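Q: The working numbering numbers the first residue of the sequence shown as 597 and each following residue consecutively.
Handing you this structure, nothing more for now.
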Amino acid sequence: MQIYLDTANISEIKEYVDLGLCDGVTTNPSILAKEGKDIPSAISAIVKIVSGPVNVEPIATDLEGIIKEAGEYAKLGKNIVIKLPMIKAGLKAAGILKKKKIMTSITLVFSPSQALIAAKAGADFVIPFVGRVDDGGAYGTEMVGQIAEIYRNYAIATKILAASIRTPIHVVELALAGVDIVSVPKKVIDAMIQHPFTDAGIKKFLEDWNKKTQK
Ligand code: G3P
């Protein structure tokens, strides 16, 4: 399973690139707004340090505007993926960008039926939102598991890139469902690494060793 970072923060990305744990990056307008830079500057800084796919979402929601922004962002690096909304303009843009050999993802996906359509539109990645499905009172990882089963049934090449991930348990359930990629914020990947028993174990080993060396 690949792990992408769901952030545009350079120091967070650099930390996980250095650990060898950043296979790609997802951004969205909310994430980019936090960094206080314009979109091309923020994305240029990311593609300098990340060799895997870097997702950037046009602000426009009309077809002409989406294609115009996509053309500008695609010039920023060979690994740029244009993140398109799950609306008719986004689906149409996926087909147009595919012909231009520009990679696309379809985002804001909340159901298996939307994921089936995103794949038929030719997107390279589909981005189902796990946590927000949970927020709505349904079961986000189960919804993504259904997408994985449907894609397996038809040997669909579109990769599942699960987002809106809030906990390590989300990641484990997604891995059990066989999803291709999870995109996680720093706090979730930090939590995947840390365990209080690991910290307690290190402390105990050191205490025992220090007692022995003091004898
Ligand atoms: O990539 C989408 C993700 O950032 C949304 O996460 O927690 O705001 O639902 P969240």
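Glycine included, C-beta positions come from ideal geometry on N, C-alpha and C.
Bear in mind the structure is a predicted one, so any value in this text is a computation, not a measurement.
1) For the ligand FAD, is there any heavy atom lying closer than 7 Å to the beta carbon of T700?
2) Are the Cβ atoms of I609 and I642 separated by less than 8 Å?
3) Measure the CB-CB distance between V726 and A711 and report whether it falls below 8 Å.
4) In the DSSP output, which residue or residues are listed as bridge partners for N651?
5) I676: beta carbon under 7 Å from a heavy atom of the ligand G3P?
6) Look at the Cβ atom of V856, then the Cβ atom of G686, and state whether they are nearer than 8 Å.
7) Check whether the Cβ atoms of A670 and L680 sit closer than 8 Å, and answer yes or no.
8) Alpha carbon to alpha carbon, how far is I663 from S709? Give it in angstroms, no decimals.
9) Roughly how many angstroms lie between the CA atoms of L770 and S640, to the nearest whole one?
A: So, from the listed chains and residues:
1) Because the ligand FAD does not appear in the structure shown, any question about it cannot be addressed here, the ligands present being the ligand G3P.
2) As a first step, residue 609 is located in the sequence shown; it is residue number 13 there, counting from the start. As a first step, residue 642 is located in the sequence shown; it is residue number 46 there, counting from the start. Yes. Within cutoff.
3) The residue given as residue 726 occupies position 130 in the sequence shown. The residue given as residue 711 occupies position 115 in the sequence shown. Not closer than 8 Å, so no.
4) By 1-based counting over the sequence shown, the position of residue 651 is 55. DSSP lists T622, V677 as partners of N651.
5) Start at 1 with the first residue of the sequence shown, and residue 676 comes out as number 80. Checking the Cβ of I676 against the ligand G3P gives no.
6) Look at the range of the chain in this structure, 597 to 811, and you will see that residue 856 is not part of it.
7) Here the question's residue 670 lines up with position 74 in the sequence shown. Here the question's residue 680 lines up with position 84 in the sequence shown. It is not a contact, given that the beta carbons lie outside the stated cut-off.
8) Here residue 709 corresponds to residue number 113 of the sequence shown, with the count starting at 1. Here residue 663 corresponds to residue number 67 of the sequence shown, with the count starting at 1. Looking at the two C-alpha atoms, the distance is approximately 25 Å.
9) Here residue 770 refers to the residue found at position 174 when the sequence shown is read from its first residue. Here residue 640 refers to the residue found at position 44 when the sequence shown is read from its first residue. Computed Cα separation, rounded: 30 Å.
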